[in-house]
Structures are given as C-alpha cells and as structure tokens.
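J.:
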Amino acid sequence: MSTLHILSKPPSDNDCWRDCLTACSSGDTLLLIENGVYGATVRPAELPEGVTFLALQADLEARGLSNLPLSTKAIDDADFVNCCIENQQTVSWF
Amino acid sequence: MIFSIVVQGAPHSQQSAESALRFARAVLAQGHGIYRVFFSGDGIHNGSALATPQQDEGHIIEGWQALAKEHELDLVVCIAAALRRGVMNDEEAKRHDKLNSNLADGFTLSGLGQLTDAAIHSDRVVTFGS
Amino acid sequence: MSSKSFLIVSRRAPYASNHAREALDAALTAAIFEQDVAMLFLSDGVYQLLNNQQPGTIGQKNLGANLQVLPMYDIEKLYVSKRALDERSLTTDQLVVPVQALDDAEINTLIKQQDLVLNF
C-alpha cells in the first residue's frame, strides 16, 4: 500500500519535517504544499529512495520559487487529486 | 471516488482554508464526489456569516457557499469548536442567550460524529491543517 | 456500523492551543462510534501525557487527566515516539497512562497499518 504525505510547513519546522520523513517509505509520494514548498529546492537526505518528491505549482508560484532549480516535480491541482487517488492513504503533516 | 475534506484553518488567516477550497474545486472538476467538508478548530470560521475580507482578496466563505450550492455539498462546522469561538446558528444562539446568530448560509452545525461518519463513508479523507 | 482503523496523531503541546484537546475529542468520538482507535503522540505531543498537570490556574481542563480515561473508552493502543521522549529527557514512568514507546521504524509500520490517519 502506498501513501501520499502532504507537508505544509517550511523546513525550519524541524519536528514536522522529521515526523513526516519518518513516516515515508519507498513507493510513497511526498507532496509539498503551502509553506512546505520552501523545501522544494533540496531533496532531504532522510527521504527514502523510491519516494516521489512533488511540490504544488500554485504554491511555488505564489512564493517566487518557480524559476529556481528545484528537486521536486511541480504538479497542478488536478494532479494533486490524482495523487490522492493513486495512493491508498493520505496523511497530512502540519 | 468519494472524498471528505477536513479544514482546520480560518479563511483569510491561514492558507489552509484556501488550499482546501481549491482542492475541493479540483476534486469536483474531475468528476469525483465530496461526501462532506468538515470544519474543525479554527476552520469553523469558514462558516462565519460576518467575515468580511478585503475586496481584492477573493471571498473564501462565498467560495464554499457557491460550491456547496452547485454541487449540493454537506458543509459541517464542528459545534464544540464553533461555540467556543463564537460562531453559532439560531438554535444555539437562543440556547445560550446570545444577541444574534452568525452561521453562514449553506453550513450546518454538528458534532465530531460527522467527522467519524465522513471517514467511514469516504474513500479518501484529506486534511488541511494549520 | 462498519469499522475502520483510525490513528489519531497528536503533535502539539497542550494548553497553548486547542490542538491537543481537539485530537482527544476526535479519538473519543470515533471510539464511541465503535471504530478501532489508536493514538500516536509525536514531537511536543508527548508533553500531553506528563503527570502532575495542574492547569486550574490558567483556567483550563486537565488534559492529562482526560487522557487517563481513554482506556475506559476502549482506546488502549496509545503510542509515543521514543525519540520524542528522549529529546525531551522524559521517560514513560513520568506519563499518566501506560503507553508503548516506538522507534522510528515501528512508527512507520504503525502508520502504514491504518485505514485512516488524522493529524491534529
């Protein structure tokens, strides 16, 4: 079973990021939204291999991050819905 | 697929309210269903009839109302969280001897059992926290 | 009524915000509705379980005392992060209810086993 993790806090919220990363397993998807997208520039070392690393386009654009080199793939709102469908579990981290 | 959405952020105060509304629109645009939107914690302010954002900000509460009307959505505001924050319907306003009620049209006040019920009856539950 | 496994994840310290209380209320309600409920306390959420809380002076109900009633509602699966306890120099002896302290790998497994994970 695969899980979609939705992370909305910035990397400065160490506890939130660490709790989320602890829960990630290979085959899962980690989607950054809201202030979480500030973490889109570097793939965390603790993120297991085989976890798909995504960021929500609307939040990247809002924050002036779309033109920076990112470690995530940017997805739109429709893809966000598809991610929920493709993964049997959705867990939000905030 | 059937979704339920949990909203814990206040509109025009935390982004989670807007994220949730945008997500709800995307769910419906792709032909999926929404069993319930449950507003808890500070999210209860999404059901406030008195919220008046600035005109150039996009009105989140009206956004929920329009979506609910078009798609017959069940927008439930957690009664315990709402009462302690001062959002209530006519019945609760009378019960607690308050001057007025202020629950926005299209929203209903109910208990946490509605969240459990939504979780049982939905394929996916997505929380937008704060 | 059909039953799903619910994991309520609680990550905030009590009293400065309502998050802890809302998580507890959600857990109790799901149990009343005969769902299979477990609670997982991570990060500052472990502070909710500290014994000797006396919040009367700040006008709040005792969250620790309220957590003690969880077994009466058939919520006996209570888990805490071992790492969260260690980082805060706490031991399970200082907590108000019996809990299982899990390492990171066990937390990962616990989360994967659930039908529903609700975070507060």
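Protein chains in written order, with our numbering: chain A, 556 to 649; chain B, 1366 to 1495; chain C, 40 to 159. Glycine is no exception: its CB is placed at the ideal position from the N, C-alpha and C atoms.
Which same chain residues, not among the five before or five after residue 615 of chain A, have their C-beta less than 7 angstroms away from its C-beta?
T.: By one-based count along the first sequence, residue 615 of chain A stands at place 60. Correct list, in chain order: 592, 595, 621 and 629.
J.: With a threshold of 8 angstroms on Cβ separation, who are the neighbours of residue 1488 of chain B within its own chain once the five nearest residues in sequence on each side are excluded?
T.: As a working mapping, residue 1488 of chain B is identified with position 123 in the second sequence. Correct list, in chain order: 1366, 1367 and 1368.
J.: In the DSSP assignment, what residue or residues form a beta bridge with residue 1472 of chain B?
T.: The residue given as residue 1472 of chain B occupies position 107 in the second sequence. DSSP links residue 1472 of chain B through a beta bridge to B:1440.
J.: Let me make sure I understand the geometry here. Which of C:122, C:102, C:136 and C:141 has the alpha-carbon closest to that of residue 115 of chain C?
T.: Counting from one through the third sequence, the residue named residue 115 of chain C turns up at place 76. If we check each option's Cα against that of residue 115 of chain C, C:136 comes out closest.
J.: Counting along the chain, where does the beta strand (DSSP E) carrying residue 1368 of chain B start and finish?
T.: Along the second sequence, one-based indexing puts residue 1368 of chain B at 3. That run of the beta strand (DSSP E) goes 1367-1372.
J.: On the DSSP bridge assignment, give the partners of residue 118 of chain C in chain order.
T.: By one-based count along the third sequence, residue 118 of chain C stands at place 79. Note: residue 118 of chain C sits in a beta bridge opposite C:79 and C:139.
J.: By DSSP's criteria, residue 648 of chain A is part of a beta bridge. Which residues make up the other side?
T.: Locating residue 648 of chain A in the first sequence gives position 93, counting from the first residue. Within the DSSP bridge table, the entry for residue 648 of chain A names A:562 as partners.
J.: Beta-carbon of residue 580 of chain A versus every beta-carbon of chain C: anything under 8 angstroms?
T.: Translated into positions along the first sequence, residue 580 of chain A becomes position 25. It does: the Cβ of residue 580 of chain A has a partner Cβ on chain C nearer than 8 angstroms.
J.: By alpha-carbon positions, which one of C:88, C:123, C:124 and C:97 ends up nearest to residue 107 of chain C?
T.: Taking the third sequence and counting its residues from 1, one reaches residue 107 of chain C at position 68. Closest by alpha carbon: C:88.
J.: Are the beta-carbon atoms of residue 127 of chain C and residue 76 of chain C separated by less than 8 angstroms?
T.: As a first step, residue 127 of chain C is located in the third sequence; it is residue number 88 there, counting from the start. As a first step, residue 76 of chain C is located in the third sequence; it is residue number 37 there, counting from the start. No, these two residues do not count as a Cβ contact at 8 angstroms.
J.: Can you tell me where the alpha helix (DSSP H) holding residue 1491 of chain B begins and where it ends?
T.: For the purposes of this step, residue 1491 of chain B is taken as residue 126 along the second sequence, with counting starting at 1. Segment 1489-1493 is the beta strand (DSSP E) holding residue 1491 of chain B; no alpha helix (DSSP H) there.
J.: Can you tell which of C:97, C:155, C:151 and C:124 has the C-alpha that lies nearest to the C-alpha of residue 139 of chain C?
T.: On the third sequence, position 100 is the one that residue 139 of chain C refers to. Answer by Cα proximity: C:124.
J.: Counting Cβ pairs, one atom from each stretch, are 3 or more of them under 8 angstroms apart for the segment 66-73 of chain C and the segment 1391-1407 of chain B?
T.: Three or more beta-carbon pairs separated by less than 8 angstroms are not found between the segment 66-73 of chain C and the segment 1391-1407 of chain B, which leaves the two stretches without contact.
J.: Under 8 angstroms between C-beta atoms, does residue 114 of chain C make it to chain A?
T.: As a position in the third sequence, residue 114 of chain C is number 75, starting the count at 1. No, its Cβ sits nowhere closer than 8 angstroms to a Cβ of chain A.
J.: Starting from residue 1446 of chain B, find everything on chain C with Cβ-Cβ shorter than 8 angstroms and list it in chain order.
T.: Position 81 of the second sequence, counted from the first residue, corresponds to residue 1446 of chain B. Residues of chain C with a Cβ closer than 8 angstroms to the Cβ of residue 1446 of chain B are, in chain order, 57 and 61.
J.: Under DSSP, the alpha helix (DSSP H) around residue 606 of chain A begins and ends at which residues?
T.: Numbered from its first residue, the first sequence carries residue 606 of chain A at position 51. Note, residue 606 of chain A: premise wrong, no alpha helix (DSSP H); not H, not E.
J.: So residue 1404 of chain B is in the beta strand (DSSP E); what residue range does that whole segment cover?
T.: As a first step, residue 1404 of chain B must be located in the second sequence, where it is residue number 39. It spans 1398-1404 - the beta strand (DSSP E) in which residue 1404 of chain B sits, taken as one unbroken run.
J.: Would you mind stating whether residue 43 of chain C and residue 558 of chain A have Cβ atoms separated by less than 8 angstroms?
T.: Position 4 of the third sequence holds residue 43 of chain C. Position 3 of the first sequence holds residue 558 of chain A. No, Cβ-Cβ distance for residue 43 of chain C and residue 558 of chain A is not below 8 angstroms.
J.: Tell me whether residue 573 of chain A is buried or exposed, calling it buried when 16 or more other Cβ atoms sit within 10 Å of its Cβ.
T.: Residue numbering aside, residue 573 of chain A sits at position 18 when the first sequence is read from its first letter. Buried, because 16 or more other Cβ atoms sit within 10 Å of the Cβ of residue 573 of chain A.
J.: From what residue to what residue does the beta strand (DSSP E) around residue 584 of chain A run?
T.: Taking the first residue of the first sequence as position 1, residue 584 of chain A is located at position 29. That run of the beta strand (DSSP E) goes 584-587.
J.: Can you confirm whether residue 1453 of chain B, when its beta carbon is compared against all beta carbons of chain A, has any partner nearer than 8 angstroms?
T.: Working through the second sequence from its first residue, we reach residue 1453 of chain B at position 88. With 8 angstroms as the cut-off, residue 1453 of chain B does not count as an interface residue toward chain A.
J.: Between residue 1413 of chain B and chain C, is the shortest Cβ-Cβ distance under 8 angstroms, so that the two count as touching?
T.: Mapped onto the second sequence, residue 1413 of chain B falls at position 48. No, because no Cβ of chain C sits closer than 8 angstroms to the Cβ of residue 1413 of chain B.
J.: If you measure between the beta carbons of residue 1426 of chain B and residue 1475 of chain B, is that distance less than 8 angstroms?
T.: For the purposes of this step, residue 1426 of chain B is taken as residue 61 along the second sequence, with counting starting at 1. For the purposes of this step, residue 1475 of chain B is taken as residue 110 along the second sequence, with counting starting at 1. Contact: no.
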